[in-house]
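Presented below is the structure to which this report refers.
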Amino acid sequence: MSLLQFLLILAALVFVLLAIDAYKRKKLNLIHFLVFFVWSALLLIFSINVDWLDRFGQFFGVARGADLVVYISIILLWWFYLELVNKIVKEDITFSKFVTLDAIDNLVEFRKGRDEEFFKNIKTTWWNLADFLVVVRAYNEQESIGAVLDKLFEYWFDKILVVDDWSEDQTPKIVAQKQKKAKALGKVLLLLSHLVNRWGGAANKTAFEFIKRYADKLGISWVVTFDADGQMDVADFANFAKVLSKQSKEIYLGSRFIPWGEGKGIPWERKAILAGSRVVTRVLNWVSVTDPHNGYRVLPVEFVQKAHITSDGMAYASQLLEEAHRLGFKIIEVPVKIEYTPYSLKKWQKNVNAFRILLELIYKKFFFR
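Numbering of the sequence shown is given in the working numbering, commencing with residue 1 and proceeding in unit increments.
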């Protein structure tokens, strides 16, 4: 027996013992244990007699058994890599859920069990704008958030929920100032604040979780998602109001690319990326729409309560449409105008992030479990 054989046999025995110990301590599931155990056992057998390795390889049509070991090792490495990514993503989802619950629990109006008192006077009847909760997600939007909230109030929306994704500028202070204005007008402006930055999808997840808990007390039937960067025109809500149906299972998605819609000042590279997003959404999410990543939406509360979104980033928009398909909600596109300004373009995600979104959608679709 050569020194190399001796070391391989010793390594195989150590791996087997480690696998048994990890399985007993519940650090490995049964599949992981079997992979470690079987692979270590094969290593032990082939270390004793190298000729057996070549015979093993020939059984699979490979001339040299050592080549087969390399191929299998690469496959196993990729498998363990995906298992590791799955574990990280699950922990990421759990952490985002913690951030969401912390934001809701720390909402000032709900401290000391005063939620009943807070909600008791704000219910209204159907087809009043008070039936709508406008969700505004914000991150470092001090230049625009004040004007956006003023326009929403001017349009007679009575209930607005701002989710601040740990802004480092004056965004929270500006929202707090607007809360005083809302109170004077007899309106509701709520602020949920993340304790760390978790990105746009996580901000919407926080809003959705809040709505799942308090939709009845808020007296709302619809949720409007709206951006804080000033790109959207609140007056386009009139286009949504023309087609809303409380009796049908439908969600309503704004679009720049249907008649009467407009993307003013949109750069050509953004048009190319959005065109690609249509193809990706069709192939991966089985949904055919013209503007899948448009943030201007009107969603029935029933959908918000049932939808399950896992992405913290911008891939959440495609996941939301896939959830509509899964839950049997028809998607109605509504014309809206989106105006790209130097400020909003500066705030907009980098073009390279489109590839990250694509990779996340593929991973979540085929590998995440």
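Heads up, the beta-carbon is just placed ideally off N, CA and C, and yes, glycines get one too.
Each of Thr206, Leu192, Asp229 and Val336 was checked against the Cα of Glu141, and the nearest Cα belongs to Asp229. A straight line joining the alpha-carbon of Tyr23 with that of Val70 spans about 26 Å. Boundaries of the beta strand (DSSP E) around Leu253: Glu250 to Ser255. Taking the CA atoms as reference points, Leu3 sits about 14 Å from Asn49. Taking each of Leu320, Val336, Glu339 and Lys337 in turn and checking the Cα distance to Lys330, the smallest one comes out for Leu320. For Leu189, the pairing in a beta bridge is given by DSSP as Ile160.
Residue pairing of Gly263 in beta bridges, as defined by DSSP: Ile338.
The Cβ atoms of Asn239 and Val301 lie no closer than 8 Å to each other. Around the CB of Gly295, 16 or more other CB atoms lie within 10 Å, so the residue is classed as buried. Annotation for Ala138: the continuous beta strand (DSSP E) segment containing it runs Phe132 to Ala138.
Residue pairing by DSSP puts Met232 in a beta bridge opposite Ile338. The Cβ atoms of Gln305 and Lys212 sit closer than 8 Å to each other. In the structure shown, Pro300 adopts extended strand secondary structure according to DSSP, grouped into three states. Between Arg137 and Val163 a beta carbon distance of about 5 Å is seen, short of the 8 Å cut, so the two are scored as contacting. Contact check for Asp165 and Tyr139: beta-carbon distance about 4 Å, within the 8 Å limit, so the pair qualifies.
Beta-bridge analysis with DSSP links Glu333 to Leu253. In the DSSP assignment, Val224 falls within the unbroken beta strand (DSSP E) covering Trp222 to Asp227. Between Arg282 and Ser288 a beta carbon distance of about 5 Å is seen, short of the 8 Å cut, so the two are scored as contacting. In terms of Cβ geometry, Thr290 and Phe257 form a close pair [threshold 8 Å]. Spatial neighbours of Ala315 in its own chain (CB-CB distance under 6 Å, excluding positions within 5 residues in sequence) are listed in chain order as Ile357, Glu360 and Leu361. The three-state reading of DSSP puts Ile258 in coil, since its state is none of H, G, I, E or B. The C-beta of Arg369 has fewer than 16 other C-beta atoms within 10 Å across all chains shown, which makes the residue exposed.
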